[in-house]
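Counting from 1 along the sequence shown, just add 4 to a position and that's the residue number in our numbering.
Beta carbons are placed, not taken as given, at the ideal position from N, Cα and C, and that holds for glycine.
Everything on this sheet refers to the single structure shown next.
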Amino acid sequence: MSPITHFLVGWIVANTDRLNRRERALVTVAGVIPDLDGAGVVAELLTRNSAKPLTWWSDYHHVLGHNLGFALFVAAASWLLAAQRWKTATLALLSFHLHLVGDLVGARGPDGDQWPIPYLLPFSSAWQWSWSGQWALNAWPNFMITLAALSIAMGLAWKRGYSPLEMFWSRADRALVQTLRQRFPPSQ
Ligand SMILES: [Zn+2]
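Written as structure tokens, this is what we have:
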């Protein structure tokens, strides 16, 4: 799934319990961070026509960050940085795994590549997750899921008074909540 979908789903998971703003950010980031292993795309594109092209994206995307070892690392980091440690770490784990599930069901590449997920890394490479029903990254189910996640996020923003924008743009966050509440006045 696209980073935006992962981000929205992560933020929704972060709002399934009463977390503070920082803890919500941790859980949301846990839902996006596996794709950090796709950062090699920059090096790969830049060296595409060189004598020694780097294949960091082809080699490492869906490998380095999409596994149990990295999930435990992310959960431990969330545990360290949160006030409600166990709750935050558990939700971060959930958010991380929803990312993996999202990729499993809906991230088939344009060339038909399934990007199997080596879940047990770095402990073992025995498991290579893939699903034969997997749809493409730009297929309609992903569009519907993104739309649904966006609606839920807007509903939460309306109700709680903060939106996914809270993480990087407080002013836009407040403006969005205000607009939503003006458009749909909360009943007294
Ligand atoms: Zn991913």
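- With fewer than 16 other Cβ atoms from the protein chains shown falling within 10 Å of its own Cβ, Asn142 counts as exposed.
- Per DSSP, Val67 lies in no alpha helix (DSSP H) and is assigned neither H nor E.
- Between Leu40 and Gly73, the beta carbon gap of about 14 Å keeps them out of contact (Cβ cut-off 8 Å).
- The region 151–160 and the region 7–15 touch, with three or more beta-carbon pairs separated by less than 8 Å.
- With the rule of 3 Cβ pairs closer than 8 Å, the region 29–49 does not count as touching the region 108–118.
- Taking all protein chains shown into account, Phe127 has fewer than 16 neighbouring C-beta atoms within 10 Å of its C-beta and is therefore exposed.
- For Pro126, no alpha helix (DSSP H) segment is defined, and its DSSP state is neither H nor E.
- Under the DSSP definition of a beta bridge, Arg112 partners with Ala140.
- Every alpha helix (DSSP H) of 4 residues or more that sits fully in the region 17–44 is shown, in chain order, as 25–34.
- About 7 Å separates the beta carbons of Asn19 and Arg28, which is inside the 8 Å limit, making them a contact pair.
- Taking 6 Å as the cut-off, one finds at least one heavy atom of ligand 1 near enough to the beta carbon of Asp107.
- Its Cα nearest to that of Ser134, the residue Pro120 stands out among Leu124, Leu125, Pro120.
- Of the residues assessed, Ser99 falls on the buried side of the cut-off, its CB having 16 or more other CB atoms within 10 angstroms.
- Residue side-chain check: Asp39 places its Cβ nearer than 6 Å to a non-hydrogen atom of ligand 1.
- Taken atom to atom, the span from the alpha-carbon of Thr183 to that of Met171 is near 18 Å.
- Distance between Gln118 and Ser191, taken at the CA atoms: about 48 Å.
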